[in-house]
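**Q** Heads up: the sequence shown at position 138 corresponds to 138 in full-length UniProt numbering, and the numbers run straight through without jumps.
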Amino acid sequence: MPIEATLSNAHQFAKSGEHWRSREILRSSLANYSYDRRLLVALVDTCSAMGDRLEAGRWLLTYVDDPTDSQRELIDLFVDRHRAAGYHTLLSQFPVALRPRTLDDSPRFLRSILVQLDAPHTLRSDPCTKGFVASDWVLVIGCAAASIAVGLCALVGLVAIANWVFRQS
């Protein structure tokens, strides 16, 4: 579905008072359209209409370079909630498609917050390159462990089948 149709669909639900459904449509569309400012603006508007100021601040932070005072208030609500835990926790609140790889990839205002939180220039790395960050290693190790477990289950299954076949003979 084109983004215009998605935005129109979400707008119709919001207009009829079903803001929760509008937000659901917009959030699920982030994976399809990744970083489309129109989608993020609509999401902020919907969250604000619902009274979810924390969530509105979360999405504002992903695209605003120079926030107005009212936008800054919403962003501060979100950032203050995650500031003590550090930049990793703050960034983990965004979908992967919206997480910047480096400080330069982030909007100016988010960049200033990340610098305050002592974030390194490279925020996350491509698993195919050297310089993995901890979360990349966890993913690789988890996939390897799952592969080993599946392989062992297959081996046990083959042994059980072989036993059964030889006992039948």
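Ideal placement from N, C-alpha and C gives every residue a C-beta, glycine not left out.
Start and end of the alpha helix (DSSP H) containing Asn-11?
**A** Numbered from its first residue, the sequence shown carries residue 11 at position 11. Note on residue identity: the sequence assigns His, not Asn, to residue 11. Per DSSP, the unbroken alpha helix (DSSP H) holding His-11 starts and ends at 3-15.
**Q** Please list the segments of the alpha helix (DSSP H) lying wholly inside the segment 46-108, counting only runs of 4 or more residues, in order along the chain.
**A** Listed in chain order, they are 53-60, 69-82, 87-92.
**Q** By Cβ distance, which residues of its chain are closer than 6 Å to Cys-47, with the 5 residues on each side in sequence left out?
**A** Your numbering for residue 47 matches position 47 in the sequence shown. These residues qualify, in order along the chain: Glu-55, Ala-56.
**Q** With contact counted as at least three CB pairs below 8 Å, one residue from each stretch, are the segment 85-92 and the segment 20-32 in contact?
**A** Judged by Cβ distances under 8 Å, the segment 85-92 makes no contact with the segment 20-32, as fewer than three pairs qualify.
**Q** Return the CA-CA distance between Val-159 and Leu-152, expressed in angstroms with no decimal places.
**A** Locating residue 159 in the sequence shown gives position 159, counting from the first residue. Locating residue 152 in the sequence shown gives position 152, counting from the first residue. Straight across, the Cα-Cα distance linking Val-159 with Leu-152 is about 11 Å.
**Q** Whose CA, out of Val-79, Arg-108, Ser-92, lies closest to the CA of Tyr-63?
**A** Sequence index remark: in the sequence shown, residue 63 carries index 63 (1-based). Checked all of Val-79, Arg-108, Ser-92; the closest Cα to Tyr-63 is Arg-108.
**Q** Where do the ends of the alpha helix (DSSP H) carrying Ala-31 lie?
**A** As a working note, residue 31 is residue 31 in the sequence shown. Its alpha helix (DSSP H) spans residues 19-33.
**Q** Thinking Ser-106 and Leu-114 are a contact (beta carbons under 8 Å), I'd like their distance in whole angstroms, please.
**A** Position 106 of the sequence shown, counting from 1, holds the residue named residue 106. Position 114 of the sequence shown, counting from 1, holds the residue named residue 114. Contact holds; Cβ gap of about 7 Å.
**Q** Using a Cβ-Cβ cutoff of less than 7 Å, which residues in the same chain neighbour Val-44 once the five nearest sequence positions on both sides are dropped?
**A** For the purposes of this step, residue 44 is taken as the residue at position 44 of the sequence shown. Counting only Cβ-Cβ distances below 7 Å, and skipping sequence neighbours, we find Ala-56, Trp-59, Leu-60.
**Q** Would Leu-90 and His-82 qualify as a contact pair, given that the criterion is a beta-carbon distance under 7 Å?
**A** Taking the first residue of the sequence shown as position 1, residue 90 is located at position 90. Taking the first residue of the sequence shown as position 1, residue 82 is located at position 82. Yes.
**Q** Ordered along the chain, which non-local residues of its own chain (more than five positions away) have a Cβ less than 6 Å from that of Ala-119?
**A** Within the sequence shown, the letter at position 119 stands for residue 119. Closer than 6 Å at Cβ, skipping near neighbours: Tyr-87.
**Q** For Cys-128, count neighbouring C-beta atoms within 10 Å of its own C-beta (all shown protein chains included) and say buried if the count is 16 or more, exposed if not.
**A** The residue you call residue 128 lines up with position 128 of the sequence shown. Reliability of the predicted coordinates at Cys-128 is poor, the pLDDT of 49 falling under 50, and no value is obtained from them.
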